[in-house]
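Asker: Same order as they appear, the protein sequences are chains A and B. Each residue of the first sequence is one higher than the one before, counting from 437 in the numbering used here. Each residue of the second sequence is one higher than the one before, counting from 437 in the numbering used here. We treat Cβ as the ideally placed atom computed from N, Cα and C, and that holds for glycine.
Number of protein chains: 2
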Amino acid sequence: MGQKPSIPKGTRDFHPEEVLKRSYIFNTIEEVFKRYGYAPIQTPSMENLNTLTGKYGEEGDRLLFKVLNNGDFLSKADDALLNAKDSNKVLRQISKRGLRYDLTVPFARYVVMNQHRINFPFKRYQIQPVWRADRPQKGRYQEFYQCDADVVGSDSLMYEAELMQIFDEVFSHLGIDVTIVINNRKILAGIAELCDASDKLVGITVAIDKIHKIGKEKVRLEIANQGVAPDKIDKLFEVLDCKNLDELSKHMQDVPVGLEGIEELKKFHTYADQIPKKNVLKFDVSLARGLGYYTGCIFEVMSNDVAIGSIAGGGRYDNLTGVFGLPNVSGVGISFGAARIFDVMEELNNYPEGIGAVLDVLLLATDEESHLRSFKFLQSLRDAGVKADLYPMPSKIQKQMKYADKLKVPRVIIIGSQELESGQLSMKNMQTGDQEKLTLDEIIKTILPS
Amino acid sequence: MGQKPSIPKGTRDFHPEEVLKRSYIFNTIEEVFKRYGYAPIQTPSMENLNTLTGKYGEEGDRLLFKVLNNGDFLSKADDALLNAKDSNKVLRQISKRGLRYDLTVPFARYVVMNQHRINFPFKRYQIQPVWRADRPQKGRYQEFYQCDADVVGSDSLMYEAELMQIFDEVFSHLGIDVTIVINNRKILAGIAELCDASDKLVGITVAIDKIHKIGKEKVRLEIANQGVAPDKIDKLFEVLDCKNLDELSKHMQDVPVGLEGIEELKKFHTYADQIPKKNVLKFDVSLARGLGYYTGCIFEVMSNDVAIGSIAGGGRYDNLTGVFGLPNVSGVGISFGAARIFDVMEELNNYPEGIGAVLDVLLLATDEESHLRSFKFLQSLRDAGVKADLYPMPSKIQKQMKYADKLKVPRVIIIGSQELESGQLSMKNMQTGDQEKLTLDEIIKTILPS
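(1) Quick check: what's the CA-CA separation for residue 857 of chain A versus residue 878 of chain B?
(2) Report back the beta-carbon spacing between residue 625 of chain B and residue 693 of chain B to the nearest angstrom; my notes put them in contact at under 8 Å.
(3) Measuring only between beta-carbons, confirm whether residue 579 of chain A sits less than 7 Å from chain B.
(4) By the 9 Å beta-carbon criterion, what residues does the segment 753-766 of chain B contribute toward chain A?
(5) Identify whether residue 553 of chain A lies in helix, strand or coil by the three-state DSSP scheme.
(6) Please determine if the segment 630-637 of chain B and the segment 736-752 of chain B are in contact, where contact requires at least 3 C-beta pairs separated by less than 8 Å.
(7) Counting beta carbon pairs with one atom in the segment 554-563 of chain A and one in the segment 504-516 of chain A, are three or more of them shorter than 8 Å?
(8) Residue 768 of chain A and residue 596 of chain A - do their beta-carbons sit closer together than 7 Å?
(9) Just mark residue 604 of chain A as buried or exposed, buried being the case when its beta carbon has 16 or more other beta carbons within 10 Å.
(10) Give a yes or no on whether 7 Å exceeds the smallest Cβ distance from residue 487 of chain A to chain B.
(11) Could you tell me which of B/881, B/807, B/520 and B/751 sits nearest to residue 591 of chain B, measuring between CA atoms?
(12) Below 8 Å on the Cβ atoms is my contact criterion, and I expect residue 723 of chain B with residue 797 of chain B to pass it. Report the Cβ-Cβ distance as a whole number of Å.
(13) Looking only at its own chain, which residues have a Cβ that is under 8 Å from the Cβ of residue 594 of chain A, when we skip the five neighbours before and after it?
(14) Tell me whether the segment 516-523 of chain B and the segment 574-591 of chain B touch, counting them as touching only if at least three CB pairs, one residue from each stretch, are closer than 8 Å.
(15) Would you call the segment 492-501 of chain A in contact with the segment 567-580 of chain A, where contact means no fewer than 3 C-beta pairs closer than 8 Å?
(16) Quick one: complete alpha helix (DSSP H) runs, 4+ long, within the segment 765-841 of chain B?
(17) Under 7 Å between beta-carbons, which chain A residues line up against residue 853 of chain B? List them in chain order, please.
(18) Using a 10 Å radius around the Cβ and a threshold of 16 neighbouring Cβ atoms, would you call residue 657 of chain A buried or exposed?
(19) Here's a check: name, in chain order, each residue in its chain whose Cβ is nearer than 8 Å to the Cβ of residue 602 of chain B, leaving out the five neighbours to either side.
(20) Could you give the residue range of the alpha helix (DSSP H) that holds residue 485 of chain A?
(21) Taking Cβ-Cβ distances shorter than 8 Å, what residues in chain B pair up with residue 569 of chain A?
(22) How is residue 560 of chain A classed by DSSP in three states: helix, strand or coil?
(23) So residue 795 of chain A and residue 825 of chain A are in contact, right, with Cβ under 8 Å, and what is the actual spacing, rounded?
(24) I'd like to know whether the C-beta of residue 880 of chain A is nearer than 7 Å to at least one C-beta of chain B.
(25) Counting C-beta neighbours from all protein chains within 10 Å, is the total for residue 484 of chain A 16 or more, i.e. buried, or is it exposed?
(26) With distances taken Cα to Cα, identify the nearest neighbour of residue 830 of chain B among B/808, B/823 and B/519.
(27) Compute the beta-carbon to beta-carbon distance between residue 482 of chain B and residue 528 of chain B, rounded to the nearest angstrom, for a pair I have assumed lies under 8 Å.
(28) Along chain A, which residues have their Cβ under 7 Å away from the Cβ of residue 475 of chain B?
(29) Would residue 716 of chain B be called buried (16 or more neighbouring beta carbons within 10 Å of its own) or exposed?
(30) Name the DSSP bridge partner or partners of residue 718 of chain A?
(31) According to DSSP, simplified to helix, strand and coil, what is residue 532 of chain B?
(32) On the DSSP bridge assignment, give the partners of residue 433 of chain A in chain order.
(33) Which of the three DSSP states is assigned to residue 452 of chain B in this structure?
(34) Anyone know if the C-beta pair for residue 827 of chain B and residue 800 of chain B falls short of 7 Å?
(35) Going by CA-CA distance only, name the one from B/697, B/545, B/736 and B/855 that's closest to residue 645 of chain B.
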C-alpha cells in the first residue's frame with residue numbers, strides 16, 4: 437500500500453541542523469549587507485523565457501528549467517513540428533516561463549522595469565534560490581542559493597572598496613581566513629592589445645582564468661592556438677608576472693586602456709587603504725574571472741585553509757541593463773557562493789556553540805497533575821525567551837529521557853508531585869549529568885544569562 | 437534597441453519596503469515557532485509529479501505547475517498521442533516534476549522518507565513559497581509563502597493547546613486583535629450521524645463551512661439537495677446553534693463519535709485554560725474548514741478589525757502519511773496566511789516605526805579630502821552597528837540632499853573641511869530639520885541608544 441516517495445535527482449531536503457547552519461551563514465551575510473546600506477528586493481521564481489533566453493550562452497539556455505504552459509498546452513502547438521518531434525521549436529509553443537537561473541539577469545530586468553521609481557545609485561541585495569539543470573553530482577545541486585549585492589547607477593570606485601570591505605567583514609564574522617584577489621578587466625584588455633590580439637580578448641581571458649588550474653604551459657598552448665605569435669605570448673607572460681601596479685605601468689605606457697585600469701585600481705586603493713583589513717587583499721594580474729559581462733575591477737575570494745576554489749567574487753559591469761533597453765548604467769556587484777561557504781564552514785567547524793540545538797530545555801512530567809502544571813511552567817519559560825518544550829504526556833522517566841537523548845537537548849527538568857510541592861525543580865545537564873534544585877526564576881537566569 | 441522586459445502574469449517583484457515588512461511578519465512568526473520548540477526544515481521547490489498528483493483533487497492537479505524535462509523532451513513522447521494532441525497523456529511523457537503546491541504534502545513525503553532518523557513526536561516548521569496556476573486576479577498570486585508548524589507522531593491534545601497559544605502570541609506580537617475559533621471534526625461527524633447522513637459527511641461539511649458567507653437558507657438548500665430530509669436538517673440547525681459543549685453533549689448522548697469530539701475539546705481546554713490569553717478563544721459548532729484531511733480539532737483565526745476571512749488555521753489529521761506508505765501517524769498543524777496577514781498589517785499600519793528605512797544615516801561630503809575621510813567615518817559608524825552610507829562622490833550639497841530626500845533617510849551628516857578640522861560633525865534630522873554639532877561618538881550614541 438502507498439507509493440514509495442522520493443525527491444527529484446539533484447534536489448535535496450534540508451534537515452533542521454542544516455537549516456539552522458545555513459540560516460546562520462545567510463543571516464551573517466544579510467546583516468552586513470544591511471549595515472552597509474543595501475536594500476533587499478525579491479523577484480519571482482519564474483521569469484518569462486524571453487527574459488532568460490540568450491543571456492547565459494548556449495549552455496545556459498540548455499540548463500534553464502522550463503515551465504509548461506497550463507491547461508491544454510498542446511492545442512497551440514504546430515502539428516508539423518509535433519510530428520517532426522522538434523523539441524526546440526515546440527518548446528516556444530508550449531512553455532512561456534522558466535525558473536530563475538541567477539540573480540543578476542532578474543535584477544537587471546527589475547532595474548529597467550522600475551527605473552522611474554529607483555533613486556540612483558541604487559544599492560540592493562538579494563538572497564534567493566536559483567535553478568540549473570546541471571547533471572546532478574556530489575556537491576552540485578539543481579537548486580541552490582545565491583547571495584548578491586550590487587550598486588547600479590554610479591561609477592564611483594568607492595563602491596569597489598566598500599564591496600571589498602563587505603568580503604572582509606563577512607568572512608571575518610564567519611571565522612574564515614581568506615585572500616581577496618583583485619584585478620581589472622581593462623588591464624587584461626591592455627595585455628591583449630600589447631599582444632596585438634585585442635580581437636581575441638575573450639579567448640585570452642578565458643585561457644588566463646585557468647592559469648592556476650592547468651598551469652602556464654597549457655595556457656600558452658591555448659593562446660597560441662588562437663593565433664597569437666610566440667614572442668607576443670612571451671610578452672604576455674612577462675606582464676602577467678608583474679607583482680604591483682608600478683611595474684605594470686611601465687609595460688602599459690602606450691596602452692591607454694591598460695593605464696585606465698591601473699588608475700582605477702589606484703583610486704580603489706585610496707579608499708580601501710583608509711580602513712584596516714582583517715584579511716589579505718592581493719593584486720593579481722592573472723585574475724580573469726570567466727563571466728563575460730565584467731568591464732572594470734574584478735574580485736575573487738579564496739579560503740586560505742580549505743582548497744575549494746573561489747567562495748565569493750564579483751566585479752564591475754558597464755552595460756548589464758542594455759539588453760533590456762536601458763544603456764549606459766554602470767554597476768558593480770558581488771556574489772557569495774553559499775554552498776561552498778557551507779562546505780568550508782563544515783570543514784572548519786566554525787559555527788557558534790549550540791548552533792544546531794532546537795531546544796534549550798525539555799520538561800518531563802511524571803503524573804497527570806504535574807503534566808498540567810508543567811504546561812504552565814513551560815509557558816513561563818517561553819515567555820521569558822527560553823526555547824522550551826514538554827514531553828506530550830506523563831510517562832515513565834526512562835522513556836522520556838530516551839526522547840531527550842535523541843533530541844540532543846542540553847538540559848531536562850523533571851517534574852513530579854514532590855517538585856510541585858517544594859517549588860524547587862530539578863534541572864539536569866545532559867552533558868555532565870549534573871543535577872541542581874532550582875526555582876523557575878533561577879532556571880531562567882541559568883539558561884539565559886543576561 | 438533592447439526588449440521591453442516584463443514578468444509573468446500572477447507573479448510580482450517585491451520592492452525594499454515590501455521585503456522589509458514581509459520579513460518582519462515572517463520573523464515574528466518564526467521567532468515564536470522556535471521558542472515553542474519547532475525545528476525548521478526545507479524541502480525542494482520541485483517535487484516529483486507522482487508525489488504531488490492526486491493529493492489536491494482534480495482542481496489541484498490542474499493548478500500544479502509542471503516542469504518540462506530537459507533536453508530533447510519530445511524524443512520519448514508517443515507519436516500517436518502527439519498527433520492526437522492529447523495534452524494530458526503527453527504530459528506524463530515530457531514532464532516528471534512539478535512545483536510545490538503547498539507545504540503539507542512535501543512534509544508528509546519528508547516524514548516518510550526520514551522516518552528512521554526522526555525522533556517522534558516531531559515538531560517542525562517550514563516557511564517557503566508555493567506555486568499555483570490560479571487565474572491571476574487582484575490579491576491572488578501564483579507564487580506565495582506559506583508558514584506552517586506541525587507536530588506528527590503524537591495524539592496528545594496538549595499540542596492543540598500549544599498551537600492555539602502560538603496563534604495567540606503571534607497575533608498579539610503583530611498587534612492584530614483576533615478571534616481564535618475552534619471546533620472538532622468528530623462533532624461534525626456526529627451531526628451527520630444525527631441526520632442519518634454519515635455517508636454525506638463531506639458534502640455537509642462543505643456546506644456548513646459556507647454558513648457565514650452565504651447564510652443559513654442557502655446552506656439548507658445545499659444540504660437538502662444532497663438528499664437529507666427536512667426534519668433532519670431542522671435537527672442539524674438546532675445542533676449548530678449550540679453555544680457550548682454541555683448543551684451539545686445532550687444532543688450527542690447516543691452518538692459516540694460526537695461525544696469523542698466533545699471529550700477532545702474538553703481535554704484541550706484543561707491545557708488551554710492554564711494560560712491567560714490575549715485574544716478571544718471561541719467554540720463554534722459551525723466551523724468546518726474545507727480541507728478534506730482533518731479528523732479532529734480544527735482552528736480558524738479571524739481578524740476582529742479587518743473583514744478579510746481567515747488569516748490562519750489548522751487542525752488534526754490522522755493519516756496524512758498513509759498515502760506514502762506510513763499509516764497511523766497522527767499529526768496536528770497550523771498555517772499562517774502570509775498574504776492576508778500582510779494586507780491586514782497594511783490596513784492597520786501596525787509596523788514598528790521606521791520598518792521601511794534602509795539607512796539610519798547618510799553622509800554627505802563637500803570636497804575630495806572630506807569624502808575620503810568620510811569613508812573612514814562611515815566604517816566607524818558601520819562597525820558600531822549603524823546602517824550608514826556615504827554619497828559616492830563629493831558634490832553640491834543640494835544634489836546630495838535631493839538624493840537623501842528621495843531615499844527617505846532619517847538623518848544626514850554634512851562633512852566639509854571645517855568639520856574635519858573641528859571634529860564636530862553636523863547632523864541634520866530630515867523630518868524636523870533640526871541640526872546638531874556632534875562628535876562621531878555622540879552621533880553613534882544618538883542613533884543607537886543602548
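Answerer: A quick look at the data gives this:
(1) 53 Å
(2) 5 Å
(3) Yes, contact with chain B.
(4) Within the segment 753-766 of chain B, 757, 758, 759, 760, 761, 762 and 763 place their CB atoms closer than 9 Å to a CB of chain A, listed in sequence order.
(5) coil
(6) no
(7) Contact between the segment 504-516 of chain A and the segment 554-563 of chain A is absent, because fewer than three Cβ pairs lie under 8 Å.
(8) Yes; because the gap between Cβ atoms is below 7 Å, this pair is in contact.
(9) Residue 604 of chain A should be labelled buried.
(10) Interface with chain B (7 Å Cβ-Cβ cutoff): residue 487 of chain A is included.
(11) Out of B/881, B/807, B/520 and B/751, B/751 has the C-alpha closest to the C-alpha of residue 591 of chain B.
(12) Actually they do not touch by this definition, with Cβ atoms about 50 Å apart.
(13) 707
(14) no
(15) yes
(16) 774-784 and 804-819
(17) Simply none; closest approach about 17 Å.
(18) The residue is exposed, with fewer than 16 neighbouring Cβ atoms inside 10 Å.
(19) Annotation for residue 602 of chain B: 468, 469, 472, 585 and 770 place their beta carbon closer than 8 Å to its own, counting only its chain and skipping 5 residues before and after.
(20) 485-488
(21) 506
(22) strand
(23) 5 Å
(24) no
(25) buried
(26) B/808
(27) At roughly 16 Å, the Cβ-Cβ gap does not stay under 8 Å, so residue 482 of chain B and residue 528 of chain B are not in contact.
(28) Neighbours of residue 475 of chain B in chain A, taken as residues at a C-beta separation under 7 Å, are given in chain order as 452 and 794.
(29) exposed
(30) A/617
(31) Strand.
(32) No answer is possible for residue 433 of chain A: it lies beyond the span of chain A, which begins at 437 and ends at 886.
(33) helix
(34) yes
(35) B/736
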